[in-house]
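To keep things clear, I will list the structure first and then write my remarks on it.
2 protein chains.
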Amino acid sequence: MNKDIDRYLDLITKAMESVPLDREPRALYEPVDYCLKNGGKRIRPLMTLLACDMFGGDINEALPPAVGLELFHNFTLLHDDIMDNAPLRRNQPTVYKKWNTNTAILSGDVLFAFAGKYISRVPDNVLRQVTDLFYQTVTEVCEGQQYDMDFETQANVTTDEYLKMIRLKTAVLPAACLMTGAIIAGAPEQEQNKIYRFGESVGLAFQLRDDWLDVFSESTEFGKQTGGDIIANKKTWLTIKALELSNNRQRKTLQDIFSGSADNDDGQKVQKVKAIYQQLDIGKLAIETMESHYTEAIRQLGQVDVPGERKITLENLARQLLNRKK
Amino acid sequence: MNKDIDRYLDLITKAMESVPLDREPRALYEPVDYCLKNGGKRIRPLMTLLACDMFGGDINEALPPAVGLELFHNFTLLHDDIMDNAPLRRNQPTVYKKWNTNTAILSGDVLFAFAGKYISRVPDNVLRQVTDLFYQTVTEVCEGQQYDMDFETQANVTTDEYLKMIRLKTAVLPAACLMTGAIIAGAPEQEQNKIYRFGESVGLAFQLRDDWLDVFSESTEFGKQTGGDIIANKKTWLTIKALELSNNRQRKTLQDIFSGSADNDDGQKVQKVKAIYQQLDIGKLAIETMESHYTEAIRQLGQVDVPGERKITLENLARQLLNRKK
Chain A
7 MNKDIDRYLD
17 LITKAMESVP
27 LDREPRALYE
37 PVDYCLKNGG
47 KRIRPLMTLL
57 ACDMFGGDIN
67 EALPPAVGLE
77 LFHNFTLLHD
87 DIMDNAPLRR
97 NQPTVYKKWN
107 TNTAILSGDV
117 LFAFAGKYIS
127 RVPDNVLRQV
137 TDLFYQTVTE
147 VCEGQQYDMD
157 FETQANVTTD
167 EYLKMIRLKT
177 AVLPAACLMT
187 GAIIAGAPEQ
197 EQNKIYRFGE
207 SVGLAFQLRD
217 DWLDVFSEST
227 EFGKQTGGDI
237 IANKKTWLTI
247 KALELSNNRQ
257 RKTLQDIFSG
267 SADNDDGQKV
277 QKVKAIYQQL
287 DIGKLAIETM
297 ESHYTEAIRQ
307 LGQVDVPGER
317 KITLENLARQ
327 LLNRKK
Chain W
7 MNKDIDRYLD
17 LITKAMESVP
27 LDREPRALYE
37 PVDYCLKNGG
47 KRIRPLMTLL
57 ACDMFGGDIN
67 EALPPAVGLE
77 LFHNFTLLHD
87 DIMDNAPLRR
97 NQPTVYKKWN
107 TNTAILSGDV
117 LFAFAGKYIS
127 RVPDNVLRQV
137 TDLFYQTVTE
147 VCEGQQYDMD
157 FETQANVTTD
167 EYLKMIRLKT
177 AVLPAACLMT
187 GAIIAGAPEQ
197 EQNKIYRFGE
207 SVGLAFQLRD
217 DWLDVFSEST
227 EFGKQTGGDI
237 IANKKTWLTI
247 KALELSNNRQ
257 RKTLQDIFSG
267 SADNDDGQKV
277 QKVKAIYQQL
287 DIGKLAIETM
297 ESHYTEAIRQ
307 LGQVDVPGER
317 KITLENLARQ
327 LLNRKK
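So the protein lines, in turn, are chains A and W. Take the position in the first sequence, starting the count at 1, then add 6; the result is the number in this note's numbering. Take the position in the second sequence, starting the count at 1, then add 6; the result is the number in this note's numbering.
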């Protein structure tokens, strides 16, 4: 199983390295190169290859669009980092910090073009469907990012609205990656839809895990700071659920902290918020919600009409993603 | 002739108005709507329809990609206005000024996705070629914008380098618009290439006209200020040519003014630069260069293998664009 994954990741790495970025003007392509070399787990293109393989397709046909989808993912990071004022990405300065905003905008735009170019390198008979899915996904990811920014200044966000936001911002892309692999393999439409929903549910569970890890992770690897979201006043599922369940006193404390009006240092902020989460058992509720999406994902995968042994790799990948400690 | 143009512009206007932007989240789509309602001459989509028509194609098939190409053009304006710090576009506040940079980035991104979506609404048998041309064009336009930004801080730009930059930034898009129309009409490859080169030459001539008009326009319509490029320290073909031909004293004056180190008010700047242009006859040289590109455009159009009367509308359009007074 992991032999497949390693071999596929190797293919993806080589294909990513062969994207022709050694060209002029350097001020445009150097930041793109920097952004791509900064790595990432390449989970999304891996999903494209695994889904293609599961449905009996030729993974060589799935490799170019898999690369395209990873390029698109990196494009979103480039532009999101500007919008989120993020100074670091994977412990390296973000493009807009290392260069400037204009560079990050334009290098992002050309990366988007490269993404589209690679995604269109599929056999003629699936080009339309792959293209349509891509643009639908891009549109939804932009909508998700907008909702995320809207929520920063919006008082009463519900957990349902939050889940809708992360579905768009985070979950539709892995779903589209899997579906692209299925399309290329010639899977019937209803099978494509099942694998899409599997990806959506995995994506939702993944983000909930991320929200949980930010507060409750025991890991100190890479010196990642616990409570980064709290320090940045970033509302997550945990915050929103806590606001829903809190009594007046707890709610006031949370609102003061997340609006930045309370006079706390970072450590105090994290400690106070974590205390309220613990009083309300928010961590457990988050894990339960994550697990319900994970269960739904496995249910969708279970219904896919291929022999069970062909599903094992994707099922294991989903489990690994959701059990990760950092 | 103009009856065709009016009818086509009417079709384009209606199609642009029917782009579905009345959707959530408003913070994402309202700026897109604002940007598109701000108008523009719709020359690029018109070129797609006229080229399709010239080669005997069905303009209804060319209308969606024509709209897509105009959406792409507006996407570039949205992002360029951020990079160029431009407060106004067609006398209205730019999106990044009216809202903010983040809004202009993300609304631009979703507009790019819409552009791609519309451009892909072509018959299956031409989808690949239209898609490939689109991504090649996007890449080149980004490269052109980067060279333009690079030139701001680069001392010795030659007129050849400048022409290469405007070919990428400005000329390849009308060329691609025309070629898309030709592809949809089923024109042979060599005819597609001729109409592409016609578009490139028209685009180059158009930009040279633009550079000339900024300094020598007699028009006071819309209160447009003569010498806007000079005031903004923006080097154009005129500046670069003047630097090439100037004596030491003139060169020093130009360099001081364009580096912002000279202590002049806007009126003095324009007056001094204009005086040097007149001493060196730069206006006349610019017109001659423009005309040589125009002549090349007409030569390319002349070689297109369709009856002469079918070329009249495009020829007239090119003439109108280059004889404009503002």
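Just so you know, even glycine gets a beta-carbon here, dropped at the ideal spot from N, CA and C.
Query                                                                                                                                                                         : Result
Spatial neighbours of G233(W) within its chain, please: C-beta separation below 8 Å, excluding the five flanking residues on both sides.                                      : D220, V221, D272, K275, V276, V279 and K280
Who are the neighbours of A33(A) on chain W, taking C-beta pairs under 7 Å?                                                                                                   : Q152 and D156
What residues in its chain sit with their C-beta under 6 Å from that of I236(W), if we drop five residues either side in the sequence?                                        : K275, V276 and V279
Kindly say whether V25(W), judged by its beta-carbon, lies nearer than 8 Å to any beta-carbon of chain A.                                                                     : no
Going by alpha carbons, who is nearest to L244(A) out of F61(A), C183(A), M60(A) and Y283(A)?                                                                                 : Y283(A)
Under 9 Å Cβ-Cβ, which residues of chain W neighbour T145(A)?                                                                                                                 : V116, A119, F120 and K123
What distance in whole Å lies between the Cβ atoms of S207(A) and E302(A), which are believed to be in contact at a cut-off of 8 Å?                                           : 5 Å
Should N108(W) be flagged as near chain A, meaning a C-beta pair shorter than 8 Å?                                                                                            : yes
For I111(W), I'd like the list of residues in its chain whose CB is within less than 8 Å of its CB, leaving aside the five on either flank, ordered along the chain.          : H85 and I88
Between the C-alpha atoms of K47(W) and D16(W), what's the straight-line distance to the nearest angstrom?                                                                    : 12 Å
With contact counted as at least three CB pairs below 8 Å, one residue from each stretch, are the stretch 68 to 75 of chain A and the stretch 35 to 55 of chain A in contact? : yes
What residue from I189(A), L214(A), F204(A) and R127(A) has the CA that sits closest to D166(A)'s CA?                                                                         : L214(A)
Taking Cβ positions only, does I88(A) come closer than 8 Å to chain W?                                                                                                        : yes
Can you tell me which of N270(A), N80(A) and T319(A) puts its alpha carbon nearest to the alpha carbon of V101(A)?                                                            : N80(A)
Can you pull the chain W residues whose beta carbon is under 7 Å from the beta carbon of C5(A), in chain order?                                                               : Look at the range of chain A in this structure, 7 to 332, and you will see that residue 5(A) is not part of it.
For my contact list, S113(W) and V38(W) are in at a C-beta cut-off of 8 Å; report their separation, rounded to the angstrom.                                                  : 5 Å
For L27(W), is the classification buried or exposed, using 16 other Cβ atoms within 10 angstroms of its Cβ as the cut-off for buried?                                         : buried
CA-CA distance, A177(A) and V178(W)?                                                                                                                                          : 36 Å
Could you tell me whether the Cβ of T137(A) comes closer than 8 Å to any Cβ of chain C?                                                                                       : Any reference to chain C falls outside this structure, whose protein chains are A and W.
Taking 8 Å as the threshold (beta carbon to beta carbon), is L69(W) in contact with chain A?                                                                                  : no
Can you tell me where the alpha helix (DSSP H) with N329(A) in it begins and where it stops?                                                                                  : I318 to N329
Would you kindly work out how many angstroms separate the C-alpha atoms of D90(A) and T159(W), rounded to a whole number?                                                     : 29 Å
Does the beta-carbon of A161(W) have 16 or more other beta-carbons within 10 angstroms, so that it is buried, or is it exposed?                                               : exposed
Can you tell me where the alpha helix (DSSP H) holding W243(W) begins and where it ends?                                                                                      : W243 to L251
In the stretch 129 to 174 of chain W, which residue ranges form an unbroken alpha helix (DSSP H) of at least 4 residues, counting only runs that do not cross its ends?       : 130 to 158 and 165 to 172
Against chain A, with Cβ distances strictly below 8 Å, would G50(W) count as a contact?                                                                                       : Checking the sequence shown, residue 50(W) turns out to be Arg, not Gly. No, because no Cβ of chain A sits closer than 8 Å to the Cβ of R50(W).
In the DSSP output, what is Q98(A) paired with across the bridge?                                                                                                             : R95(A)
At least one CB of chain W closer than 8 Å to the CB of L133(A): is that the case?                                                                                            : yes
Indicate whether at least one CB of chain A lies closer than 8 Å to the CB of Y168(W).                                                                                        : no
In whole angstroms, give me the CA-to-CA distance for R96(A) and V136(A).                                                                                                     : 30 Å
With a cut-off of 8 Å, does the C-beta of Y40(A) fall near any C-beta of chain W?                                                                                             : no
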